[in-house]
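**Student:** I'd like to ask you about the structure that follows.
Next comes the structure, spelled out in structure tokens:
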């Protein structure tokens, strides 16, 4: 059985701050090959961590995700990929796939951590097709919100 | 040569939000055996991550530090300790000591990540004596600031 059955690859389009009715909230916007968009609300620090990679910025001090990658590199642990596989009560669930030699392991994780780690290692991000179909948005709706790049 | 020469053990007293002149800022307060105190400014997310351990709270979703610990546990990677070893231009520098079998490795990291990880594994936190001496504060000064527990 293919573990990626019912999944498709998705890429990170950008991180934004959405000027919502309440507080400005960061989102990471994902986009599949045919242009379907999925925004996931994330924390400010995770937005910064993802944005650093997208903008090719090296932070002055390693962030938690950089530390993790540094340790993995030295121990020859490979990030095999990320699977965003569920959405329950507006919360997305994901798994980080980690390989050490022949040993492939899966870890429950937040999509934001998974994406920040995947981008640093150029690991593929896959999403369950049903999760994307249930939550994709029209770009026009996003354009209706006030959207700012987190890097100004 | 003892790698811990010139270092002493320090423990985490608590995390606070200091109601500074500008924005409320989280600090982690460290205390050595003889009661010397050292506050280190940290990010909000890191304060939450450290506070979760101190208050024995399991977050609904694993935070980045929880993910890292989960992966290390499965791969039999041990956190040997944390060394806070320098302060330059008000920025603290630390190293995370990681052991895999006979292999002891050091990684450059922020003190906040180091402390969040050390607390989860009960690994010792050591600080260079000179760094503590140069930066320790009187408790009375901290009491002068408006200090709030991050958990209300």
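Protein chains in written order, with our numbering: chain A, 1 to 152; chain B, 1001 to 1152.
Even glycine gets a Cβ: it sits at the ideal position worked out from N, Cα and C.
Predicted model only: the values in this text are computed from it and were never measured.
Of all the alpha helix (DSSP H) runs that stay within the bounds of the segment 1023-1054 of chain B, which reach a length of 4 or more residues?
**Tutor:** DSSP runs (the alpha helix (DSSP H)) wholly in the segment 1023-1054 of chain B: 1044-1054.
**Student:** Taking Cβ-Cβ distances below 9 angstroms as the criterion, which residues of the segment 77-103 of chain A are in contact with chain B?
**Tutor:** 77, 91, 93, 96, 98, 100 and 103
**Student:** From residue 1136/B to residue 1064/B, what does the alpha carbon distance come to, in whole angstroms?
**Tutor:** 29 angstroms
**Student:** Just to make sure I have the definition right: I need the residues of chain A whose C-beta is within less than 9 angstroms of the C-beta of residue 1062/B. Which are they?
**Tutor:** 107, 108, 109, 110 and 113
**Student:** Let me know the beta strand (DSSP E) ranges lying completely inside the segment 1051-1108 of chain B, each 3 residues or longer, listed in chain order.
**Tutor:** 1078-1088 and 1091-1100
**Student:** Kindly list the residues whose CB is nearer than 7 angstroms to the CB of residue 1108/B, restricted to its own chain and excluding five residues on each side of it in sequence; keep chain order.
**Tutor:** 1095
**Student:** Relative to the C-alpha of residue 9/A, which residue among 34/A, 25/A, 66/A and 117/A is closest?
**Tutor:** 34/A
**Student:** Taking C-beta pairs closer than 7 angstroms, name the residues in chain A that residue 1074/B reaches, listed in chain order.
**Tutor:** 105
**Student:** In or out: residue 1088/B buried (at least 16 other Cβ within 10 Å) or exposed?
**Tutor:** exposed
**Student:** With C-beta atoms as the reference, is residue 38/A less than 8 angstroms away from residue 132/A?
**Tutor:** yes
**Student:** For residue 70/A, would you say it is in contact with chain B, using Cβ-to-Cβ distances shorter than 8 angstroms as the test?
**Tutor:** yes
**Student:** Classify residue 1081/B: buried if its beta carbon has 16 or more other beta carbons within 10 angstroms, exposed otherwise.
**Tutor:** It counts as buried.
**Student:** Mind reading off the beta-carbon distance from residue 100/A to residue 1075/B? Whole number of angstroms is fine, and I expect it under 8 angstroms.
**Tutor:** 6 angstroms
**Student:** Take residue 1114/B as the anchor and find which of 1041/B, 1083/B and 1128/B has the nearest alpha-carbon.
**Tutor:** 1083/B
**Student:** I'd like the list of long-range same chain contacts for residue 1036/B, defined as Cβ closer than 7 angstroms, with 5 residues on each side in sequence excluded.
**Tutor:** 1132 and 1136
**Student:** If we ignore side chains and look at the alpha-carbon of each, how far apart do residue 15/A and residue 117/A end up?
**Tutor:** Approximately 15 angstroms between the Cα atoms of the pair.
**Student:** Closer than 7 angstroms by beta-carbon distance: list the chain E residues that pair up with residue 1043/B, in chain order.
**Tutor:** As a matter of chain content, chain E is missing from the structure shown, whose protein chains are A and B.
**Student:** Answer with yes or no whether the minimum CB distance from residue 1067/B to chain A is below 8 angstroms.
**Tutor:** yes
**Student:** Which residues mark the beginning and the end of the alpha helix (DSSP H) in which residue 1113/B is found?
**Tutor:** 1111-1121
**Student:** Report yes if the CB atom of residue 1040/B is closer than 8 angstroms to the CB atom of residue 1124/B, and no otherwise.
**Tutor:** Against a cut-off of 8 angstroms, the Cβ pair of residue 1124/B and residue 1040/B comes out as no contact.
**Student:** Which term fits residue 1052/B, buried or exposed, when burial requires 16 or more other beta carbons within 10 angstroms of its beta carbon?
**Tutor:** By the C-beta density criterion, residue 1052/B is buried, having at least 16 other C-beta atoms within 10 angstroms.
**Student:** Which class does residue 134/A belong to by DSSP, given the choice of helix, strand or coil?
**Tutor:** helix
**Student:** Using 10 angstroms around the beta-carbon of residue 1057/B, count the other beta-carbons present and answer buried if the total reaches 16, otherwise exposed.
**Tutor:** Counting Cβ neighbours within 10 Å, residue 1057/B comes out exposed, since fewer than 16 surround it.
**Student:** Indicate whether residue 119/A and residue 27/A have their beta-carbon atoms separated by less than 8 angstroms.
**Tutor:** no
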